[in-house]
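A.B. asks:
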Amino acid sequence: MTRPTARVLALLEILQAGGTRTVRELATRLGVDERTVRRYAAHLVDLGIPVRSIRGRYGGYRLSPGYRLPPLMFTDDEALAVLLGLLTGRHAAAPAAESAAAKLHRVLPAQLADRLAALRDTADLAPPPTATPPGTEVLLVLAAAARDRQPVEIGYTARDGRTGRRTVQPYGIVALGGRWYLTGPDSASGALRTFRLDRIDAPRVLPGRFEVPDAFDPAAHVTATLARTPWRYRVSLRVRAPVERIRTRLPASLAVLHPADDGWVRVELRAERLDWLPAVLAGLDAPFTVDRPAELRELVRDLGTRLLAAAADPDEAGAATEAETATEAGVPGAAVGGGGTGRTADGAEGDRKPRNGADRHGE
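Per this note's numbering: the sequence shown = residues 458 to 820.
#1: Please go through the same chain and pick out, in chain order, the residues whose beta-carbon is closer than 7 Å to the beta-carbon of Leu576, but skip the five residues on each side of it.
#2: Enumerate, from N- to C-terminal direction, the unbroken beta strand (DSSP E) stretches of 3 or more residues contained entirely within the segment 680-758.
#3: Would you report the Cα separation of Arg907 and Leu654, rounded to the nearest angstrom?
#4: Measure the alpha-carbon distance for Ala557 versus Leu543 and round it to whole angstroms.
#5: For Thr651 and Gln607, what's the separation of their Cα atoms in angstroms?
#6: Alpha carbon to alpha carbon, what distance is there between Arg519 and Gly476?
#7: At which residues does the alpha helix (DSSP H) containing Leu503 begin and terminate?
#8: Which residues share a DSSP beta bridge with Ile657?
#9: Taking the alpha carbon of Glu594 as the reference point, which residue from Arg495, Ala574, Asp578, Arg661 has its own alpha carbon closest?
#10: So does the segment 615-631 actually touch the segment 596-603, counting three or more Cβ pairs closer than 8 Å?
#11: Name the one or two DSSP bridge partners that Pro642 has.
#12: Per the contact definition of three or more C-beta pairs closer than 8 Å, is the segment 690-705 in contact with the segment 735-748?
#13: Are there 16 or more other CB atoms within 10 angstroms of the CB of Gly641, so buried, or fewer, so exposed?
#14: Measure from the alpha carbon of Trp733 to the alpha carbon of each residue in Asp718, Glu752, Ala717, His715, then state which is nearest.
#15: Nearest to Leu683 by CA position, among Gly621, Ala645, Ala728, is which residue?
#16: What did DSSP end up calling Ile506 once you bin it into helix, strand or coil?
#17: Please identify the residue among Ala717, Glu725, Asp719 whose C-alpha is closest to the C-alpha of Ser710.
#18: Under a three-way DSSP split, which group does Thr762 fall into?
#19: Nearest to Arg730 by alpha carbon, out of Thr485, Ala767, Val465, Trp688?
#20: Return yes when the Cβ of Val502 is within less than 9 Å of the Cβ of Glu491, no when it is not.
#21: Between which residues of its own chain and Gln626 is the CB-CB distance below 6 Å, once the five residues before and five after are set aside?
#22: Applying the criterion that 16 or more other CB atoms from any shown protein chain within 10 Å of the CB defines a buried residue, is Ala498 buried or exposed?
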C-alpha cells in the first residue's frame with residue numbers, strides 16, 4: 458500500500474468516527490498540509506464515499522449520516538495491538554476488557570486467534586500502584602466534548618474534600634501514571650487547571666465552542682503541572698548519572714532535572730511521603746547527595762544501616778546480638794546495639810521521625 462493511499466484510508470477512518478473535522482485538525486493528524494487534505498477528500502468522493510464539505514469558521518469534512526463501511530479485517534500486527542490494549546485495561550475495567558478480548562477472538566482467523574489466545578492467557582500487565590480508573594460515562598462525555606471543542610460543567614471533589622460545580626473548556630484528556638486527567642481553562646479563574654477524572658461526576662456538555670491554542674500540548678502541560686504540585690516536602694538532591702538513567706526512576710511527572718557540566722544532575726521534586734525515595738535513589742546505582750530535607754537524609758542513613766545489617770556475616774551478627782542482650786541485662790562494658798527501637802545505653806527510647814501522609818495527585 459502506497460503512503461498516499463494509506464493516508465486517504467486514514468482520513469476515511471477518522472471521518473467514520475463521526476462529527477465534523479476541521480481541515481486544520483485533519484492536516485495535523487495526517488501529517489500533511491491543508492491542500493493535501495482537500496485532495497484526499499476529493500479522492501474519497503471519486504470512490505463514491507459520501508464526504509460532505511461543511512463551510513464556515515468551524516467547517517471541515519464529515520460523512521453523510523448513517524454511512525458505514527463494511528467491517529475491516531485486522532492484520533496480525535493490528536490484532537496484537539488491540540489485544541495489548543485490552544490487557545493493559547484488564548485491571549481498570551476487567552469485565553469489559555475480558556468480554557472485548559473474547560469477541561476479538563471469535564472474529565479472527567483460527568490460526569491467529571490461537572496465537573493471540575496464548576498471549577491473553579499467559580501475559581499479565583501489572584497496573585501502576587496508583588491506578589484509579591474513571592467512570593466510563595465521565596470519560597466518554599469529556600472525550601466527546603474535547604473533540605468537539607465544547608465547554609462542560611462538572612462536579613468536582615477537591616483533594617481537601619470540598620465539592621462544587623465548575624465550568625471548563627476541555628483542551629485535552631491525558632492518561633499518566635495510572636490516572637486520567639482533564640486539562641483546560643476554568644471559567645471561574647480563566648487559568649489552565651488540571652482535574653483528576655476519578656474526582657469528576659455528572660459532566661454536562663454546554664452550548665458554545667472554543668479554540669485550543671495551536672502550540673498547546675495537553676500531555677506536556679499535565680506532566681509539568683504534576684511536577685509543580687505543592688506537597689509536604691520539597692526535595693533537592695544531586696545525582697552523578699546520565700539524565701536518561703535518572704528518568705527511568707524519576708519521571709518528568711515527579712521530578713525536574715537540571716544537568717550540570719560536571720556530570721552531576723540537580724534533582725528537584727515534591728512529595729507527600731519520603732519513605733519510598735531512598736530505595737529509588739539506591740536503585741540508580743550512582744553517587745548522590747541529599748541537600749534537603751534532613752528527614753530524607755535520616756531515611757537514607759536508616760536504609761544504609763539495614764542494608765549493612767542484612768549483608769553482615771551471620772557469626773558477627775550473632776555476636777552483636779549477644780552483646781546487646783548483655784547490655785540490656787546490665788552487664789558492664791557490653792557494646793550497645795543500634796537496632797529496631799533506637800534504644801540507648803540507659804534504656805531510653807531514641808527519637809524516630811514518623812513516616813506518614815497520603816498520596817496526592819491533581820487538584
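Note that beta-carbon positions come from the ideal geometry of N, C-alpha and C, so glycine has one too.
C.D. replies: So, from the data block:
#1: Position 119 of the sequence shown, counted from the start, is the residue given in the question as residue 576. Once the five neighbours on either side are set aside, the close Cβ partners of Leu576 are Leu540.
#2: 690-696, 712-716, 722-728, 745-749
#3: Given a span of 458 to 820 for the chain in the structure shown, any question on residue 907 remains unanswerable.
#4: The sequence position of residue 557 within the sequence shown is 100, counting from 1. The sequence position of residue 543 within the sequence shown is 86, counting from 1. So the two alpha carbons sit approximately 8 Å from each other.
#5: Numbered from its first residue, the sequence shown carries residue 651 at position 194. Numbered from its first residue, the sequence shown carries residue 607 at position 150. Cα-Cα distance, rounded: 17 Å.
#6: Taking the sequence shown and counting its residues from 1, the one referred to as residue 476 is at position 19. Taking the sequence shown and counting its residues from 1, the one referred to as residue 519 is at position 62. Distance between the alpha carbons of Gly476 and Arg519: 6 Å.
#7: On the sequence shown, residue 503 is found 46 positions in, with the first residue counted as 1. Correcting the residue type first, residue 503 is Asp in the shown sequence and not Leu. Note, Asp503: alpha helix (DSSP H), 491-503.
#8: What you label residue 657 is simply residue 200 of the sequence shown in a count that begins at 1. DSSP, once it has assigned bridges, lists Tyr613 as partnering Ile657.
#9: Counted from its first residue, the sequence shown places residue 594 at position 137. Measuring from the Cα of Glu594, the nearest candidate turns out to be Arg661.
#10: yes
#11: As a position in the sequence shown, residue 642 is number 185, starting the count at 1. In the DSSP output, where bridge partners are listed per residue, Pro642 has Leu649.
#12: yes
#13: In the sequence shown, counting from the first residue as 1, residue 641 sits at position 184. Flag for Gly641 reads buried.
#14: For this step, residue 733 is matched to residue 276 along the sequence shown. Selected option, being the one with the closest Cα: Glu752.
#15: The residue you call residue 683 lines up with position 226 of the sequence shown. For Leu683, the nearest C-alpha among the options comes from Ala728.
#16: Position 49 of the sequence shown, counted from the start, is the residue given in the question as residue 506. The answer is coil: DSSP assigns Ile506 none of H, G, I, E or B.
#17: By one-based count along the sequence shown, residue 710 stands at place 253. The residue with the shortest Cα to Cα distance from Ser710 is Glu725.
#18: In the sequence shown, residue 762 corresponds to position 305, counting from 1. Thr762 falls in the helix class under three-state DSSP.
#19: Reading the sequence shown from its first residue, position 273 is the one you call residue 730. Ranking the options by Cα distance to Arg730, first place goes to Trp688.
#20: In the sequence shown, the residue the question calls residue 491 occupies position 34. In the sequence shown, the residue the question calls residue 502 occupies position 45. Taking 9 Å as the Cβ cut-off, Glu491 and Val502 do not qualify as a contacting pair.
#21: Translated into positions along the sequence shown, residue 626 becomes position 169. Only Pro608, Gly641, Pro642, Phe667 meet the Cβ criterion.
#22: By 1-based counting over the sequence shown, the position of residue 498 is 41. That one is buried.
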